[in-house]
Structure formats: structure tokens, C-alpha cells
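One structure is given here, and the rest of the page talks about it.
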Amino acid sequence: MNFNHCESLYWVFTQLCNDKCDHCYNLSGPQGARISEEECMQIIDHLPDTIDRLILSGGEPLADKKLLYAILDRLHERYQGRTQIMLQTNGDLLNAEILDTLIEKGVSRFDIASIDRYHKHAGDRLMILADLFESRGVNGDDRAPLVEKETYLIKGHPLSWGYWGATEDMWLGGNWARGRAIEKNIWLKDPNHNFCKVLSGGIGFLTGKEGVPQEISIQLWRINPCCPGTFKAMGDARKEKVADVLERVSTSPIFQKINDGDPISMGESIGISKEFAQERVADLQNVCLWCDEFFKSYFDIETLTSRFDPQS
Ligand code: SF4
Ligand code: SF4
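Under our numbering, think of the first position of the sequence shown as 5, with each following residue one higher.
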């Protein structure tokens, strides 16, 4: 595998946000965590040499606008327009002047991810945004999220926009057992739903899989196989190359199972049966909580060694 090529990379570069939604999985808000411009530049230096698409997200990227612009400038220097740059935004702070600047700085795809009841505006800015995009010739024909292997890239990177919101029927399947959704007790309690098996989950993070592109996530600096994020990160993008981190974990049968979207089987190579994992998921009511328990108690993600003692 050439880990210096990544099909899709999702980067939450800030958790600063003008909103503070109950379902927010990464605790973004007006007091959300941030990293410095210097750290962001280190991270960009450590990204793979080729990235088909890079999704910048938050938090609200436009709430940290100066940093966003600096990131876009450095990405342009490094990738020279070869990467499809996408912005995932709640759209609240977007206006004509900012849209012009974003287009000039290389953003070609805009995803408005706030059209739902959880967000402050609950979707009521949609028509204003539609008019704004139309006024700048941003195509609204591809409105569905670009989550399929067939459609994750729009050939030639023409300007386009789409929208969605946190609804039960979206591809993610409900609120993740993370962040404020846990605090507010609105995470999805369904042991039969496998978050790992859809894009944004761990599936295909090393190799891509039928139907989904290869995608990894960086939460501020934490390199994760998925957007919900593992209990500890696989690596620190400020300090090490993303390709080296992927290369390292790719040899582990545990991460190969995550790559299959199969966290129930991920302990088999260290003696933890599927039956035991299934029982734990049934108790915990969510597969990502089982994954947290696994990396907390049975497997050290930093040294890639087992902590499981079959005698205990
Ligand atoms: S869900 Fe989005 S808009 Fe809401 S607080 Fe989180 S990052 Fe901000
Ligand atoms: S099970 Fe683990 S690897 Fe899979 S999506 Fe959940 S947290 Fe990520």
C-alpha cells in the first residue's frame, strides 16, 4: 500500500464554533478547543503527498477564519490545486465576501451540514445560502453528501455545494456516543447499528472498500481511523507523518479488522472472542463504546501490544 496517497482526509482543525448543539460529537462551541497556526502548518507538512480530497471541518471553520485562510494558503502551496478542497460548515457566518475569498483560496465544494432541528437556525438559512451560491455560479446539482466511492470526487473540481443535517436517516445512522451527545444523553443506543461499517466509520481507512473511499480523520492533531475517533489516537499529526502512522498500524490484525468495519472481531487475534465482544456491545448499547473499552483495557494503541490476560 502507498500510504502517501490518501483518497479522502477529514480534518477538524478547530473546535471553535458559533453554535453549541446538543448532539455535537466533539464538544465544539464558543469555548471549543483550538490549536495554533504553527501546529496547523506542522500538520500540513505531515499530510500524505497526494490527497484526492481534503475536507476542512470543525467546530465551525468560519469561526476560526484567519486560521482557515492560512491553512488554505498553505494547502495551495503544497498541493497546487490537485486536491479537491471541501469545506464543511454550518453556513451561519457565510456571506458574499467570504464566499469569494474561499473560492479564490481554492475551496471547490461547500457542504452545509446544519439543516436539522439541532442547529440554531434549524435550516432556515437554506434559501439565503442557495441564492448566495447561485450568485457566484456554485453548482447546486450535486446536493447529496459525497459519500460513495463513485461520487466522492467531482471530476475537475468544479464549484458545487450540497447540504444535509443530523437526521436519523442520514448515512451515519444517528448520534455518535461521543462528546455532547453523551452529556445530553441523546446518543444512539442500538447494539445492532455498526457505525464502523459506513463512511465516517473505520471501514476502509487503510485500503478503501467496495462502496466507500479510503478515508481517515484528524481531530485537531489526533490521527484516527474514523470520525468518532478511537479511545486514543493512532498518532499525532503535529509530530509524525500520517503515512508513517498508517504504515505502522496496517500490520496490526486489530486495525485490519477496523479496516473491514468489523470491530466485533477485532480482539480475536489476542484471544477475545466475537461472542464476548457481542455481549459487551449488548451491555454498552453502542459499538463505539465497546471499541473504547477495547483500547482502554485490552490493547495499547501506542505500542500495538495486547493487555489482555486470558487468565483474569
Ligand atoms: S454540531 Fe456543528 S454547528 Fe453544532 S456545535 Fe458542533 S460543530 Fe458547531
Ligand atoms: S468502532 Fe471504533 S474504529 Fe469503528 S467507528 Fe467506532 S470508534 Fe471508530
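Using N, Cα and C, we set each Cβ at its ideal position, and we do this for glycine too.
DSSP on M270, reduced to helix/strand/coil?
In the sequence shown, the residue the question calls residue 270 occupies position 266. The answer is coil: DSSP assigns M270 none of H, G, I, E or B.
Within a Cβ cutoff of 6 Å, which residues of the same chain sit near L293, ignoring the five residues on either side of it in sequence?
Walking along the sequence shown from the start, residue 293 turns up at place 289. Closer than 6 Å at Cβ, skipping near neighbours: A181.
So N94 and E138 are in contact, right, with Cβ under 8 Å, and what is the actual spacing, rounded?
Locating residue 94 in the sequence shown gives position 90, where the first residue counts as 1. Locating residue 138 in the sequence shown gives position 134, where the first residue counts as 1. Incorrect: roughly 20 Å between the Cβ atoms, too far for contact.
Among the residues of its own chain, which have a CB less than 7 Å from the CB of I119, if the five just before and after it don't count?
Counting from 1 along the sequence shown, the entry for residue 119 is found at position 115. So the list reads G127, L130, Y167, W168, G169, once near-sequence residues are dropped.
Which runs of the beta strand (DSSP E) at least 3 residues long sit entirely within the segment 214 to 269? Give them in chain order.
With a minimum length of 3 residues, the continuous beta strand (DSSP E) runs that stay inside the segment 214 to 269 are 219 to 223, 226 to 228.
CA-CA distance, E41 and L71?
Here residue 41 refers to the residue found at position 37 of the sequence shown. Here residue 71 refers to the residue found at position 67 of the sequence shown. E41 and L71: Cα-Cα distance of roughly 6 Å.
Pick helix, strand or coil for I89, following the three-state DSSP scheme.
Here residue 89 is taken as the residue at index 85 of the sequence shown, counted from 1. In this structure, I89 counts as strand in the three-state DSSP scheme.
What are the residues that DSSP puts in a beta bridge with L20?
For this step, residue 20 is matched to residue 16 along the sequence shown. In the DSSP output, where bridge partners are listed per residue, L20 has G33.
So, are the CB atoms of W225 and I39 less than 8 Å apart?
Taking the sequence shown and counting its residues from 1, one reaches residue 225 at position 221. Taking the sequence shown and counting its residues from 1, one reaches residue 39 at position 35. Yes. Within cutoff.
Please list, following the chain, all residues that have a C-beta closer than 6 Å to any non-hydrogen atom of ligand 2.
Any residue whose Cβ sits closer than 6 Å to a heavy atom of ligand 2 makes the list: F199, C200, G205, G206, P229, C230, P232, T234, I262, P267, V291, C292, C295.
Closer than 6 Å between the C-beta and any heavy atom of ligand 1: which residues qualify, listed along the chain?
Going by the Cβ distance cut-off, the answer is C21, D23, K24, C25, C28, S32, G33, G62, G63, E64, N94, S118, H123.
Please name the residue, chosen from Q218, I89, H197, C10, that lies closest to D115 on a Cα-to-Cα basis.
The residue you call residue 115 lines up with position 111 of the sequence shown. The residue with the shortest Cα to Cα distance from D115 is I89.
Go to I116, then tell me how far its alpha helix (DSSP H) extends in each direction, as first and last residue.
Translated into positions along the sequence shown, residue 116 becomes position 112. Not the alpha helix (DSSP H): I116 falls in the beta strand (DSSP E), residues 111 to 116.
For V253, which option in R284, G160, K243, G239 has the closest C-alpha, if you only look at C-alpha atoms?
Indexing the sequence shown from 1 puts residue 253 at position 249. When only C-alpha atoms are compared, the closest one is G239.
Rounded to whole angstroms, what is the Cα-Cα separation between R284 and I222?
For the purposes of this step, residue 284 is identified with residue 280 of the sequence shown, where counting begins at 1. For the purposes of this step, residue 222 is identified with residue 218 of the sequence shown, where counting begins at 1. Distance between the alpha carbons of R284 and I222 is about 27 Å.
Taking D248 as the reference, give the member of L106, H50, L20, A37 with the closest Cα.
Here residue 248 is taken as the residue at index 244 of the sequence shown, counted from 1. D248 has its Cα closest to that of H50, out of L106, H50, L20, A37.
In angstroms with no decimal places, state the Cα-to-Cα distance between L58 and Y29.
Taking the sequence shown and counting its residues from 1, one reaches residue 58 at position 54. Taking the sequence shown and counting its residues from 1, one reaches residue 29 at position 25. Using only the alpha carbons, I get a separation of about 20 Å.
Could you check the C-alpha separation between L192 and P149 for me, to the nearest Å?
Counting from one through the sequence shown, the residue named residue 192 turns up at place 188. Counting from one through the sequence shown, the residue named residue 149 turns up at place 145. Going from the Cα of L192 to the Cα of P149 covers about 21 Å.
CA-CA distance, L98 and L133?
Looking up residue 98 in the sequence shown gives position 94. Looking up residue 133 in the sequence shown gives position 129. Answer to the nearest angstrom: the Cα atoms are 8 Å apart.
Between the C-alpha atoms of V56 and N263, what's the straight-line distance to the nearest angstrom?
The residue you call residue 56 lines up with position 52 of the sequence shown. The residue you call residue 263 lines up with position 259 of the sequence shown. The question names Val, but residue 56 in the sequence shown is Asp. Going by the C-alpha atoms only, they are around 19 Å apart.
State the Cα-Cα distance for the pair Q46 and E279, rounded to the nearest angstrom.
Translated into the one-based positions of the sequence shown, residue 46 becomes position 42. Translated into the one-based positions of the sequence shown, residue 279 becomes position 275. Spanning the two alpha carbons is a distance of roughly 43 Å.
Using three-state DSSP, classify F303 as helix, strand or coil.
Within the sequence shown, numbered from 1, the residue matching residue 303 stands at position 299. The answer is strand: DSSP assigns F303 an E or B state.
To the nearest angstrom, how far is the alpha carbon of G33 from that of E187?
Residue mapping note: residue 33 aligns to position 29 of the sequence shown, counting from 1. Residue mapping note: residue 187 aligns to position 183 of the sequence shown, counting from 1. Roughly 14 Å between the two C-alpha positions.
Out of curiosity, what's the CA-to-CA distance linking T211 and S112?
Taking the first residue of the sequence shown as 1, we reach residue 211 at position 207. Taking the first residue of the sequence shown as 1, we reach residue 112 at position 108. Rounded to whole angstroms, T211 to S112 spans 25 Å at the Cα level.
DSSP state of S139, grouped into three classes?
Sequence index remark: in the sequence shown, residue 139 carries index 135 (1-based). S139: helix per DSSP, three-state reduction.
Give every residue of the same chain whose Cβ lies closer than 8 Å to the Cβ of I158, excluding the five residues on either side of it in the sequence, and list them in chain order.
Your numbering for residue 158 matches position 154 in the sequence shown. Once the five neighbours on either side are set aside, the close Cβ partners of I158 are Q88, S112, R113, D146, L150, S164.
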